[in-house]
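Trainee: Using the working numbering, count along the sequence shown one by one with no gaps and you end on 1062.
Below are the C-alpha cells for one structure; questions will follow.
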Amino acid sequence: MTVKPIRLFGDPVLRMTARPVTTFDAELRTLVKDLTETMQAAPGAGLAAPQLGVSLRVFTYFVDGELGHLINPDLTLTEEEQDGPEGCLSLPGLTYDCRRAYGVVARGVNMWGDPVTVEGTQRLARCIQHETDHLDGIIFVDRLDPEQRAAAMRAIREAEWAGEPAPQVRISPHGTSGRAL
882 MTVKPIRLFG DPVLRMTARP VTTFDAELRT LVKDLTETMQ AAPGAGLAAP
932 QLGVSLRVFT YFVDGELGHL INPDLTLTEE EQDGPEGCLS LPGLTYDCRR
982 AYGVVARGVN MWGDPVTVEG TQRLARCIQH ETDHLDGIIF VDRLDPEQRA
1032 AAMRAIREAE WAGEPAPQVR ISPHGTSGRA L
C-alpha cells in the first residue's frame, strides 16, 4: 500500500493553482493510485494531488460506492444550490456547513488521457467541487460566511495539528519545471 502523508492547512502547496497534466505516463498512474489509497485509508470522500504535495490538476473520489479520478477537470454547475456539512482531510476533525451547487457536470480525462464525464448531484457534486477547488488553491473554509469562517479559523489555530512542519516537496516531471511547487 502507498499511503502518503496528507498536507495540512497552512502548507503553501494548498494555496497554489495546480498545473494541468500534460504527460500521461506510469508516474501519473502511480500518483492516481497513491491518491486513491491515501483517500481510502484516511478515510475520505475525495483527495486532490496538492494534498499530497503534488501541484497537478488530479483528484480522486469515492462517493456512494462510486470510485473514480479526474484529471484537468472543467466544471459546469447548476444554478440550484445546496447547504450541507463539509470537511477536509487537510483540516482533520473540522466540519462546517458550506454552500455549493446542487449538481455538476465535470469533464476531464482519466490517467490514460481518455475523455471522462462525471455527472452528479448532492454529495458527489459537493465532492467534485471541493476537490476542484483544491486544484485552484481554494480551501472550503474560504467559502464559508464570515461568522463561520472566523469560527473555523479559531478552531484551526487551536487544533493539535496546527503548526506542524510541512513535508518535503515532491519532485515531478509533469510540467512543473521539475518542482511540485
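Even glycine gets a Cβ: it sits at the ideal position worked out from N, Cα and C.
From a predicted model like this one, the values you see are computed outputs, not experimental measurements.
Please list, in chain order, all residues of the same chain as valine 990 whose beta carbon is under 7 Å from its beta carbon, the five residues on each side excluded.
Mentor: Within the sequence shown, the letter at position 109 stands for residue 990. The answer, listed in chain order, is Ile952, Asn953, Pro996, Val997.
Trainee: Report the three-state DSSP secondary structure of valine 1073 (helix, strand or coil).
Mentor: For residue 1073 there is no data in the structure shown, the boundaries of the chain being 882 and 1062.
Trainee: Is alanine 930 helix, strand or coil by DSSP?
Mentor: Translated into the one-based positions of the sequence shown, residue 930 becomes position 49. Helix.
Trainee: Which runs of the beta strand (DSSP E) fall wholly inside the region 960 to 1016 and span at least 3 residues, in chain order?
Mentor: 962 to 968, 976 to 982, 984 to 990, 996 to 1002
Trainee: Using beta-carbon positions only, say whether histidine 950 and threonine 917 come within less than 8 Å of one another.
Mentor: Indexing the sequence shown from 1 puts residue 950 at position 69. Indexing the sequence shown from 1 puts residue 917 at position 36. Yes. Within cutoff.
Trainee: Verify whether the separation of the beta carbon atoms of isoleucine 1009 and tyrosine 942 is less than 8 Å.
Mentor: Walking along the sequence shown from the start, residue 1009 turns up at place 128. Walking along the sequence shown from the start, residue 942 turns up at place 61. Here isoleucine 1009 is near tyrosine 942, since their CB atoms are less than 8 Å apart.
Trainee: Which residue comes first and which comes last in the alpha helix (DSSP H) that contains valine 913?
Mentor: Position 32 of the sequence shown, counted from the first residue, corresponds to residue 913. Unbroken alpha helix (DSSP H) run through valine 913: 907 to 922.
Trainee: Rounded to whole angstroms, what's the CA-CA distance from glutamine 1003 to tryptophan 993? Just pull it up for me.
Mentor: Here residue 1003 is taken as the residue at index 122 of the sequence shown, counted from 1. Here residue 993 is taken as the residue at index 112 of the sequence shown, counted from 1. Taking the straight line from one Cα to the other gives about 28 Å.
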